[in-house]
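Take the position in the sequence shown, starting the count at 1, then add 21; the result is the number in the working numbering. Where a beta carbon is used, it is the ideal one built from N, C-alpha and C, also for glycine.
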Amino acid sequence: MIPLPTETQATAIGPILFFRRHDADRVHLAELVGRPDAAGAPGPLLAGGAEIGPRELGQVAGLTLWRFDFALSPEDRGYHFEGQDYPVVTDLTGDMRIAFVSCNGEENGDLDRDAPERNAMWDRLAAEHAENPFALMLQGGDQIYADEVTQDHVLTEDWPDYAPDNPTPAQLEDLRAHLRQRFAERYLMVLGAEAYARIAAQVPSLSVWDDHDICDGWGSLADDLANSAVGQTLFDVAREMYLLFQHAATEADIPDLFMDPHGTSLGWVRHLPDLTLIGPDLRSERTRRRIMGPAGWEAFDALEPREGQTIMVSSVPLLGPRLSLIERLLQVIPKMQHYEDDLRDQWQSRAHRAEWRRMLRAVLRLREAGPLTVVSGEIHVATRAEMLPRESLIHQLVASGISHRAPPKAYGRALGMLAYLGEAPLKEHPIRNLFLPGQKQRYISQRNYLTLDRKSGRWQAVWNLEESGRTPPLTLSE
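Right, here's the structure in full:
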């Protein structure tokens, strides 16, 4: 990789932890560190009684990115890096806590927001971690909002309304450099935020991506735009930055980290004691007519049901109201058709109804061996749903908007009214949208995050709402 000139002085980031796997009572982790190009290799890192050396991943925006790979046993309790001790929850066999977050940004002006306001819920999450530590953080998509990265370049100044037909190789290479710089600026802002940095140094992450990690509506845009040379350059850079900053990975790491060894789909699965985590990729192969492609479906269909709790991260909610009614309404309302892409992004879109049924059947198959809960973000509200009957119950928990400001209360009320109609894409498995514990509406227009706790083998969920505080716990498994 070729280092790029920077408009502002690059700052160091890290340490940032990523969850790799759990085996033989050991937690395998990766640590990402970014340092100015001239600073040299970071470290030392001490873990498990050994000194770990870094591997250089690449250079971007004036930073060299380094990765440390190491494992911790339950006796280790953490690691030591550059003179500081970092505690980590290393015993995953008993009680444990997981944090779930999504939608960490906004479409416009995110780099210029007031940091205390923007990161207020991150401060709350960091305080909760200090009080009762998390073992893992699941990130459900839109970890950055990259919608403005296309600005200020001749090839993308009108994106996504227009892309030139025949850009030259030199123009595309210049665009690639421009986009790498702009994506990196957003990742550095997110990863360098004080509260986020405190959590990320101690709690390993697992992430899936969603459209804003690429651009607003990626996969629901017109095919000629997505498949254009400009569109594919945008996707390639977003993917490179996603691998680097959200997985501490490069192309060479893909067979070890993702279900599809070729990386066409970036879905993953991780097995922990009495817990399976699944994160299908709902963006890499998406088009206006499908959500997952051949590689994603082949990997997902190969999953075997496992005993214990399964938690699946679906970047867009898997269980929800009948959005096809709104799609029909928008077709007859002038100037409202531009909202169609937002609705087409959802599993519930009429364009994806057959594939939605396929996914629901696939999830029911995984449910055969034990309880299954789906966690999702994307819609900037907190809500929940269930798919019946009780003997094959599936929970859907939505926590969306850790930093994205909440939509108007009327938005939540409108969704709640739509949910009254019910939905049953599989006739024998009706879907019910339900109230959060302690709340009187189905959709809560407040910034929020979710915590999942295993206590004495039983799982429960709690939402932390910006105005209302913590909800009473919702039992997920008896």
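Under 7 Å between C-beta atoms of residue i and residue j
i: Q417; j: V395; result: yes
i: P36; j: A222; result: yes
i: Q330; j: P392; result: yes
i: R47; j: S94; result: yes
i: V334; j: L159; result: yes
i: A536; j: A51; result: An answer regarding residue 536 cannot be provided, because it is not within the stretch 22 to 499 covered by the chain.
i: D131; j: T111; result: no
i: P75; j: G83; result: no
i: P301; j: E389; result: no
i: V229; j: S336; result: yes
i: G433; j: Q462; result: yes
i: R365; j: A375; result: no
i: P190; j: L176; result: no
i: Y470; j: I400; result: no
i: Y8; j: L436; result: Residue 8 lies beyond the residue range present for the chain, which begins at 22 and ends at 499; the question has no answer from this structure.
i: Y208; j: I165; result: yes
i: F40; j: L157; result: yes
i: A167; j: F121; result: no
i: P338; j: S397; result: yes
i: L303; j: I34; result: no
In DSSP terms, what residue i is bridged to
i: D295; result: None, per the DSSP bridge assignment.
i: I423; result: None, per the DSSP bridge assignment.
i: Q330; result: L296
i: P57; result: L84
i: R475; result: M117, W480
i: L227; result: L159
i: T308; result: R311
i: T132; result: It is worth fixing the name first, because residue 132 is Leu in this sequence and not Thr. BP columns for L132 are empty, so no partner.
i: W289; result: G300
i: R47; result: D44
i: L196; result: Its beta-bridge partners do not exist; DSSP assigns none.
i: L418; result: V396, R405
As assigned by DSSP and simplified to three states, the class of residue i
i: Q30; result: Annotation note: pLDDT 43 at Q30 (below 50); position unreliable, coordinate value reported separately. Looking at Q30 - three-state DSSP - the assignment turns out to be coil, as it is neither helix nor strand.
i: E488; result: coil
i: H359; result: Below a pLDDT of 50, predicted positions are generally treated as unreliable, and H359, at 45, falls in that range; the measurement from the model is reported next regardless. Residue state, collapsed to three classes: helix.
i: P137; result: helix
i: S413; result: helix
i: R41; result: strand
i: F121; result: strand
i: E52; result: strand
i: V211; result: helix
i: L439; result: helix
i: G240; result: coil
i: G126; result: coil
i: P185; result: coil
i: L303; result: coil
i: L364; result: helix
i: G433; result: helix
i: L495; result: strand
i: P36; result: strand
i: Q164; result: coil
i: H233; result: helix
i: P342; result: coil
i: Q369; result: coil
i: A222; result: coil
i: E178; result: coil
i: Q172; result: coil
i: D245; result: helix
i: A428; result: In the sequence as displayed, the identity of residue 428 is Pro instead of Ala. Reduced to three states, the DSSP call for P428 is coil.
i: E325; result: coil
Delimiting residues of the alpha helix (DSSP H) encompassing residue i
i: P315; result: 315-322
i: L385; result: 374-388
i: E152; result: 141-152
i: Q513; result: Outside the shown range of the chain (22 to 499) lies residue 513, about which nothing can therefore be said.
i: L278; result: 275-278
Start-to-end residues for the beta strand (DSSP E) that takes in residue i
i: R405; result: 403-408
i: L393; result: 393-397
Residue i beta carbon near the ligand NAD (any heavy atom closer than 6 Å)
i: E444; result: Among the components modelled here there is no ligand, and therefore nothing to report on the ligand NAD.
(request) Just list the beta strand (DSSP E) runs in the segment 443-471, keeping only unbroken ones of 3 residues or longer that don't cross its boundaries, in chain order. (result) Listed in chain order, the complete beta strand (DSSP E) runs (minimum 3 residues) inside the segment 443-471 are 452-455.
(request) Output the residue ranges of the beta strand (DSSP E) runs that lie fully inside the segment 59-110 and measure 3 residues or longer, sorted by chain position. (result) Listed in chain order, the complete beta strand (DSSP E) runs (minimum 3 residues) inside the segment 59-110 are 66-68, 71-73, 76-81, 84-93, 99-102, 105-108.
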